[in-house]
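Let me begin by presenting the structure, written as structure tokens, before commenting on it.
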Amino acid sequence: MKARDSIVMVGAPDSGKTNYLGRLWGALKAENASLRATQQPDDVRYVFDALTHLLQGRFAPRTDTNVDVDESHCSIQIAWEREGETQHAELLVPDVSGELWADAVQTNELPETWLTSVRQSIGALLFVRVDSPLRIPSLDWVAARKRLVVGGEEAESQIPTAVQLCEFLRFLELFLGKDADVRKPRVAVLVAAWDIVDEGRAQQGPRAYLGHEFPLFADRLVDVSAVEIEVFGVSVVGGDFRDEAFKAQFLDGRVDKFGYVVTGPGAGPHPPDVTIPVRWVLDGKARR
Ligand SMILES: Nc1nc2c(ncn2[C@@H]2O[C@H](COP(=O)(O)OP(=O)(O)O)[C@@H](O)[C@H]2O)c(=O)[nH]1
Ligand SMILES: [Mg+2]
Numbered sequence: 007m008k009a010r011d012s013i014v015m016v017g018a019p020d021s022g023k024t025n026y027l028g029r030l031w032g033a034l035k036a037e038n039a040s041l042r043a044t045q046q047p048d049d050v051r052y053v054f055d056a057l058t059h060l061l062q063g064r065f066a067p068r069t070d071t072n073v074d075v076d077e078s079h080c081s082i083q084i085a086w087e088r089e090g091e092t093q094h095a096e097l098l099v100p101d102v103s104g105e106l107w108a109d110a111v112q113t114n115e116l117p118e119t120w121l122t123s124v125r126q127s128i129g130a131l132l133f134v135r136v137d138s139p140l141r142i143p144s145l146d147w148v149a150a151r152k153r154l155v156v157g158g159e160e161a162e163s164q165i166p167t168a169v170q171l172c173e174f175l176r177f178l179e180l181f182l183g184k185d186a187d188v189r190k191p192r193v194a195v196l197v198a199a200w201d202i203v204d205e206g207r208a209q210q211g212p213r214a215y216l217g218h219e220f221p222l223f224a225d226r227l228v229d230v231s232a233v234e235i236e237v238f239g240v241s242v243v244g245g246d247f248r249d250e251a252f253k254a255q256f257l258d259g260r261v262d263k264f265g266y267v268v269t270g271p272g273a274g275p276h277p278p279d280v281t282i283p284v285r286w287v288l289d290g291k292a293r294r
């Protein structure tokens, strides 16, 4: 049987991967989902737990960094219809290992198993989160480190977040799809927790947001040619559970009515469909 196409998830710790995956799982298992999960993931607990947290009105907490890395590796089998034919793919999640991605950037070495996953994938989801306390600013590095220590949060990487993002992108440019059947791999950049971006910024769209917050990375995005890039703002439930009014409203409703993706400036949220970035990556395969 032909190997199935895969998409790989990439991002530093606290970049929103687990919560997205939990919410995506909910979307893939929904009745009449056009992009659907075809079987239980091998590490089903991990995905279930993430969704269960959301359903209870809490974000899934950051993954315990002490968890064994292998345990976290998980994949979701997905299927959808294109031109009357059922297509299959899988979403690979080398999660928890966000820490390891950060190490890889620092040491310039990707663990062999990931390298293989990246080479065999037709596309990637690259995560960066709005207002992550683990973010390392590019400019005022010394002050930032002091502040991080005072705040009780330890910087896990000494490399500024924007530089780290550029490095992730460089890995992807070098290796993504090299051993896969795809002409030009697609990389969806997911700006997670889009719901906490203030209204003015939100109006300008996710690409402009990256331009403000991570100018170095935003500049790099423009001159990438080995992969195709699109930037998405993503909110897994369409709000922040720290907002009690929102939380009450959420708990009163159904999860499939919450959560959205935004694309261009002024585009506003699409109707609740968190699968949009995954679809966009998969569609890259159809274009030859
Ligand atoms: N407001 C808001 N916060 C989010 C969203 N997604 C993630 N977060 C926050 O980001 C934190 C880290 O997300 P997580 O999925 O654990 O990141 P990971 O370490 O990359 O797996 C969560 O605990 C939430 O506080 C979102 O859509 N909206
Ligand atoms: Mg996680």
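If you're matching positions, the sequence shown starts at 7 in this note's numbering and goes up one per residue. No residue lacks a Cβ here, since even glycine has one placed at the ideal position from N, Cα and C.
Close CB contacts of Asp225 within its chain, under the 7 Å cut and outside five residues either way in sequence, are absent. Nearest to Val233 by alpha-carbon distance, out of Ser127, Gln170 and Gly28, is Ser127. When secondary structure is reduced to three states using DSSP, His59 falls in the helix class. Counting only runs of 3 or more residues that sit fully inside the segment 173 to 250, the beta strand (DSSP E) segments are 192 to 198 and 234 to 241, in chain order. When Tyr215, Pro47 and Leu98 are compared, the shortest CA-CA separation from Ser123 is found for Leu98. Taking non-hydrogen atoms of ligand 2 into account, the C-beta of Lys35 is found less than 7 Å away from none of them. Val169 and Ser144 have their C-alpha atoms some 8 Å from each other. Relative to the Cα of Asp137, the nearest Cα in the group Gly211, Gly290, Ala251 and Ser21 belongs to Ser21.
At the C-beta level, Trp86 and Arg51 stay beyond 8 Å of one another. In the DSSP assignment, Gln83 falls outside any alpha helix (DSSP H) and within the unbroken beta strand (DSSP E) covering Cys80 to Arg88. With contacts defined by Cβ atoms closer than 8 Å, Ala130 and Val203 do not form a contacting pair.
The beta strand (DSSP E) runs lying completely inside the segment 8 to 43 and spanning 3 residues or more are 11 to 17, given in chain order. Close CB contacts of Lys253 within its chain, under the 7 Å cut and outside five residues either way in sequence, are with Gly63 and Phe247 (chain order). For Thr122, the uninterrupted alpha helix (DSSP H) run begins and ends at Glu118 to Gln126, by DSSP.
Distance from the CA atom of Ala208 to the CA atom of Tyr215, rounded to whole angstroms, is 8 Å.
Closest in alpha carbon position to Arg260, among Gly244, Gly270, Thr269 and Ala273, is Gly244.
Secondary structure at Arg260: coil, using DSSP grouped into helix, strand and coil.
Across the set Val228, Phe220, Arg125 and Val195, the C-alpha of Arg125 shows the shortest separation from the C-alpha of Arg189. Inclusion of Val284 and Phe238 in the CB contact set at 8 Å is not warranted, their separation being larger than that value. Measuring C-alpha to C-alpha distances from Phe54 to each of Asn25, Ser12, Val16 and Gln210 identifies Asn25 as the nearest. Within the same chain, Cβ atoms closer than 7 Å to the Cβ of Phe223 are found at Ala168, Leu171, Cys172 and Leu216, the five residues on either side in sequence being excluded. Under a 10 Å Cβ-count criterion, Glu115 is classified as exposed, with fewer than 16 other Cβ atoms of the shown protein chains found around its own Cβ.
In the DSSP secondary-structure assignment, Gln93 is bridged to Trp86.
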